[in-house]
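*Asks:* Here the sequence shown stands for residues 25 to 218, where the numbers follow our numbering.
Just so you know, even glycine gets a beta-carbon here, dropped at the ideal spot from N, CA and C.
Since the model is a prediction, treat every value here as computed from it, not as a measurement.
For reference, the structure I am asking about is given below.
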Amino acid sequence: MAYSWFKAFHIIGIVVWFAGLFYLVRLFIYHVEAEQEPEPARTILKNQYQIMELRLYRIITTPGMIVTVAMAIGLLSTEPEVLKQSWLHFKLLFVAILLAYHHYCGRLMKKLAKDECRWSGQQLRALNEAPTVMLVVIVLLAVFKNNLPTDITAWGIFGLIIFMAVTIQLYAKKRKRDKEQLMAQISQVPQEQS
Ligand code: HEM
């Protein structure tokens, strides 16, 4: 019974953690792109994003991570023999990368607050795909365990995920280009009229 409780809250923790990780980097994108706005909008937006990022990181993302890990420890202490299974070793490798990503997001947040972040909006969009890959791999390992499928269906799903990630990147690029063209057209109108 305890095992099921730990597993239920392990999954709840994962949902909260990932909601935080996904939204955090999206806020970083808005934060970086606010640099292109004229004053005073730029300062107001940057200050607002900074507050939102800090609250999201402290109140949602980090507690989500703590619940996930604490419940995982609960699962392992209830059934320690799981520790000998190879799927868990692979899973722990990806979880370690995810924890490093979480920590790196915290560092990026501090750099943004000090105006020292060198990432562009486009690079941050690409970075925001990393937890998606991590999520897919870790959940597949947790569900299929040592019987992870390697057949055509599995590769099809993998290909679809890559296709979706690339499409999102290309669409974001197109939207940015369209916006720049529109801004250029708008700035030309008063000159033509005068
Ligand atoms: C601190 C690192 C973690 C450890 C030690 C750990 C360990 C475990 C264990 C022992 C189970 C129970 C397996 C079972 O009884 O079937 C489990 C379930 C699960 N874990 Fe984790 N986990 C960790 C982090 C994560 C993360 C980060 C995710 C998601 C990204 C995740 C996703 C899942 C899922 C979806 C299940 C349910 C699998 C099922 O019932 O079929 N885990 N985890």
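#1: Taking the CB atoms as reference points, tell me whether residue 165 and residue 114 lie closer together than 8 Å.
#2: Is the region 90-100 in contact with the region 47-67, if contact means three or more CB pairs nearer than 8 Å?
#3: Under the criterion of a Cβ to heavy atom distance below 7 Å, does residue 38 qualify as lining the ligand HEM?
#4: Should residue 148 and residue 56 be called a contact, given that it needs their Cβ atoms to be closer than 8 Å?
#5: Consult DSSP for residue 158 and reduce its assignment to one of helix, strand or coil.
#6: Taking 7 Å as the line, does the beta carbon of residue 185 fall inside it for any heavy atom of the ligand HEM?
#7: Select from 31, 99 and 45 the residue whose C-alpha is nearest the C-alpha of residue 128.
#8: Given the structure, does residue 34 come close to the ligand HEM, in the sense that its CB is under 7 Å from one of the ligand's heavy atoms?
#9: Would you say the region 55-73 touches the region 34-42, given that touching needs at least three Cβ pairs under 8 Å?
#10: If you pair each beta-carbon of the region 189-202 with each one of the region 131-143, do three or more pairs fall below 8 Å?
#11: Comparing alpha-carbon positions, which option in 173, 153 and 175 lies nearest residue 196?
#12: Taking the alpha carbon of residue 47 as the reference point, which residue from 79, 170 and 171 has its own alpha carbon closest?
#13: If we count the other Cβ atoms within 10 Å of its Cβ and call it buried at 16 or more, is residue 27 buried or exposed?
#14: Between residue 99 and residue 31, what straight-line distance do the alpha-carbon atoms span, to the nearest angstrom?
#15: Can you tell me the Cβ-Cβ gap for residue 33 and residue 91, rounded? I've got them flagged as a contact below 8 Å.
#16: If distances are taken between C-alpha atoms only, which option among 159, 170 and 76 comes closest to residue 121?
#17: Just verifying my parser: in three-state terms, what is the DSSP assignment at residue 129?
*Replies:* According to the data block:
#1: Between residue 165 and residue 114, the CB-CB gap stays under 8 Å.
#2: With the rule of 3 Cβ pairs closer than 8 Å, the region 90-100 does not count as touching the region 47-67.
#3: Yes, the Cβ of residue 38 comes within 7 Å of a heavy atom of the ligand HEM.
#4: The answer is yes: Cβ separation under 8 Å.
#5: Three-state DSSP puts residue 158 in a helix.
#6: Residue 185 Cβ: outside cutoff for every heavy atom of the ligand HEM.
#7: Of the candidates 31, 99 and 45, the one whose C-alpha sits nearest the C-alpha of residue 128 is 45.
#8: True, at least one ligand heavy atom lies under 7 Å from that Cβ.
#9: A contact is defined here as three or more CB-CB pairs under 8 Å, and the region 55-73 fails this definition with respect to the region 34-42.
#10: Touching, no, given that fewer than three Cβ pairs across the two stretches are closer than 8 Å.
#11: Minimum Cα distance to residue 196 is reached at 153.
#12: It is 79 whose Cα lies nearest to the Cα of residue 47.
#13: With fewer than 16 Cβ atoms within 10 Å of its Cβ, residue 27 is classed as exposed.
#14: Whole-angstrom Cα-Cα distance: 7 Å.
#15: With 8 Å as the limit, residue 33 and residue 91 qualify as a contact, their Cβ atoms being about 6 Å apart.
#16: When each option's Cα is compared against that of residue 121, the closest is 159.
#17: Here residue 129 sits in helix by DSSP.
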